[in-house]
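Participant: Just so we're aligned: 47 in this note's numbering is position 57 of the sequence shown, and the numbers increase by one with no gaps anywhere.
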Amino acid sequence: MNLKEIQKLEKRYYANTFTRLPVAAVRGKGMYLYDINGRKYLDMFAGIAVSSLGHCHPEVVKAVQKQSKILIHTSNWLYTLPQLELAELLVKITGMKKAFITNNGSEAVETAIKLVRKITGKKEIIAMENSFHGRSMGALSVTWDEKYRKPFEPLIPGVKFVKFNNIEEIENSITKETAAVIVEPIQGEAGVILPDDDYLKEVRKITEENEILLILDEIQTGFGRTGKLFAQEHYRIKPDIMCMAKGIGSGFPVGATVFRCDDFKPGEHGGTYVGNPLASAVAKTVIKTILKEKLVRNSERIGDYLLKNLKNRGLNAHGKGLMIGIDVKNGEKTALDLIKEKILTIYSKNTVRVLPPLIIERKHADEFLSAVDEVLC
Ligand SMILES: Cc1ncc(COP(=O)(O)O)c(C=O)c1O
């Protein structure tokens, strides 16, 4: 089959939901993906900040094989050890109190929204302009972009959007009914927008003073992506609730909501698959491998190298660790030009997003920079 035939197959059978790049991936190994013609690409977006250990990392393959021979699923009617071991690990690495495992990021946000409503009895949530928290109805309600929201309204009521990096707007939006503030420490889908130095500290202070819960969406920024295990460490804050997904599974669909506020009661929340043994065993392995292979430090090191070299080329590059945006004239055109150079990136409007696997080495960074020279310099 060739790309044209695959595109025909999609048009005929798949829901019309995705804007895809013109590459049909069939195989991956480490930092590289191979398309249907055997063409090799350097993967500089890691399945949208997901494949933290690169493609088909031996430890991930081993964890899938090992657990799938023992037990794949039982539902939450029964106790299973991998789920509880993953929860224990998440609580230990975050300093939180409890964890609820989910299948993806949107579910982690849904869980957080339900939790804040339940424990505060209040209905209002303050979210940020340019935020992205997912596409299920609750997560979509705190997601900013009209193009994602409009066709599906009415969404859940009581969400107020304020400007990111503007403390005054938060202060002015707080009422007696405010349950929580939800914020990405670094806005990802918006094009890698960094908070001002003291912004998140101020947000934490205001939420504490007003007894409002703070939900930090670390779905994209977590597990080493920004050069710290969690981006909140850059800004020295501790939220009440953390949402995580993406890098936690290195490609296996799994997420989590980790919290130190009050808990649910049995029956108030759940899911057939959530925290199933296979997903939990893989996530546990991924986290341990990120720590064992010192990939958080690698993210910081190679991220700094990339950022410095992009800036040295006169490009408007911004980000932390391996979460980098490069502002260009036309994001789509630049991503397509980079594909011709056998480099895969994604884009948000006029920003090319660089989110490579955390296993990236200096030679891969140089390979990317050479392509940048061809396309952008
Ligand atoms: C910050 C953030 N929150 C939530 C989500 C939604 O996660 P998922 O696509 O796994 O549902 C994303 C996905 O891009 C994200 O970047």
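Beta carbons are placed, not taken as given, at the ideal position from N, Cα and C, and that holds for glycine.
Any heavy atom of ligand 1 closer than 7 angstroms to the Cβ of Asp135?
Facilitator: On the sequence shown, position 145 is the one that residue 135 refers to. The answer is no for Asp135.
Participant: Which same chain residues, not among the five before or five after Asp327, have their C-beta less than 6 angstroms away from its C-beta?
Facilitator: As a first step, residue 327 must be located in the sequence shown, where it is residue number 337. Once the five neighbours on either side are set aside, the close Cβ partners of Asp327 are Val365.
Participant: Could you tell me which of Ile329, Val318, Gly321, Ile314 sits nearest to Leu345, measuring between CA atoms?
Facilitator: If you number the sequence shown from 1, residue 345 lands on position 355. Of Ile329, Val318, Gly321, Ile314, the residue nearest in Cα terms is Ile314.
Participant: Does the count of Cβ pairs from the region 207 to 220 and the region 162 to 180 closer than 8 angstroms reach three?
Facilitator: Counting Cβ pairs under 8 angstroms, three or more are found: they touch.
Participant: Give the range of the beta strand (DSSP E) segment to which His308 is assigned.
Facilitator: For the purposes of this step, residue 308 is taken as the residue at position 318 of the sequence shown. Taken as a continuous stretch (DSSP letters only), the beta strand (DSSP E) holding His308 covers 306 to 310.
Participant: Given Gly237, which residues of its chain have a CB within under 7 angstroms of its CB, disregarding the five upstream and five downstream residues?
Facilitator: Locating residue 237 in the sequence shown gives position 247, counting from the first residue. If we look at Gly237 and ignore the five residues flanking it on each side, its Cβ neighbours are Ala39, Val40, Ser42, Gly212, Phe213, Gly214, Arg215.
Participant: So, are the CB atoms of Cys251 and Ile164 less than 8 angstroms apart?
Facilitator: Working through the sequence shown from its first residue, we reach residue 251 at position 261. Working through the sequence shown from its first residue, we reach residue 164 at position 174. No, these two residues do not count as a Cβ contact at 8 angstroms.
Participant: Would you mind reading off the limits of the alpha helix (DSSP H) that contains Ile146?
Facilitator: Start at 1 with the first residue of the sequence shown, and residue 146 comes out as number 156. Careful: Ile146 lies outside any alpha helix (DSSP H) and carries neither H nor E.
Participant: Do Met34 and Ile333 count as a contact pair if the criterion is CB distance below 8 angstroms?
Facilitator: Here residue 333 refers to the residue found at position 343 of the sequence shown. Here residue 34 refers to the residue found at position 44 of the sequence shown. A contact, by the Cβ cut-off of 8 angstroms.
Participant: Verify whether the separation of the beta carbon atoms of Ala53 and Ala221 is less than 8 angstroms.
Facilitator: Translated into the one-based positions of the sequence shown, residue 53 becomes position 63. Translated into the one-based positions of the sequence shown, residue 221 becomes position 231. No, Cβ-Cβ distance for Ala53 and Ala221 is not below 8 angstroms.
Participant: Taking the beta carbon of Thr275 as the centre, do at least 16 other beta carbons fall within 10 Å, making it buried, or is it exposed?
Facilitator: Here residue 275 is taken as the residue at index 285 of the sequence shown, counted from 1. Thr275 is buried by the Cβ-count criterion.
Participant: Between which two residues does the alpha helix (DSSP H) containing Leu359 stretch?
Facilitator: One-based indexing of the sequence shown puts residue 359 at position 369. Element bounds for Leu359: 352 to 366.
Participant: Below 7 angstroms, is the gap between the Cβ of Ile38 and the nearest heavy atom of ligand 1?
Facilitator: What you label residue 38 is simply residue 48 of the sequence shown in a count that begins at 1. True, at least one ligand heavy atom lies under 7 angstroms from that Cβ.
Participant: Following the continuous beta strand (DSSP E) through Asp253, name the residue where it begins and the one where it ends.
Facilitator: Numbered from its first residue, the sequence shown carries residue 253 at position 263. That residue, Asp253, is in no beta strand (DSSP E); it is neither H nor E in DSSP.
Participant: Can you have a look at Met(-9) and say buried or exposed, based on whether 16 or more other CB atoms are within 10 angstroms of its CB?
Facilitator: The residue labelled residue -9 in the question sits at position 1 within the sequence shown. The residue in question, Met(-9), is exposed, as its Cβ has fewer than 16 Cβ neighbours within 10 Å.
Participant: I need the DSSP call for Tyr225, collapsed to helix, strand or coil.
Facilitator: For the purposes of this step, residue 225 is identified with residue 235 of the sequence shown, where counting begins at 1. Helix.
Participant: Grab me the residues of Lys19's own chain with a C-beta within less than 7 angstroms of its C-beta, minus the 5 sequence neighbours each way, in chain order.
Facilitator: For the purposes of this step, residue 19 is identified with residue 29 of the sequence shown, where counting begins at 1. Result list for Lys19: His45, Cys46, in chain order.
Participant: Give me the Cα-Cα distance between Glu192 and Ser58, rounded to the nearest whole angstrom.
Facilitator: As a first step, residue 192 is located in the sequence shown; it is residue number 202 there, counting from the start. As a first step, residue 58 is located in the sequence shown; it is residue number 68 there, counting from the start. Answer to the nearest angstrom: the Cα atoms are 46 angstroms apart.
Participant: If I measure Cβ to Cβ from Tyr189 and keep anything under 6 angstroms in the same chain, skipping five residues before and after, which residues do I get?
Facilitator: Position 199 of the sequence shown, counting from 1, holds the residue named residue 189. Cβ within range, chain order: Asn155.
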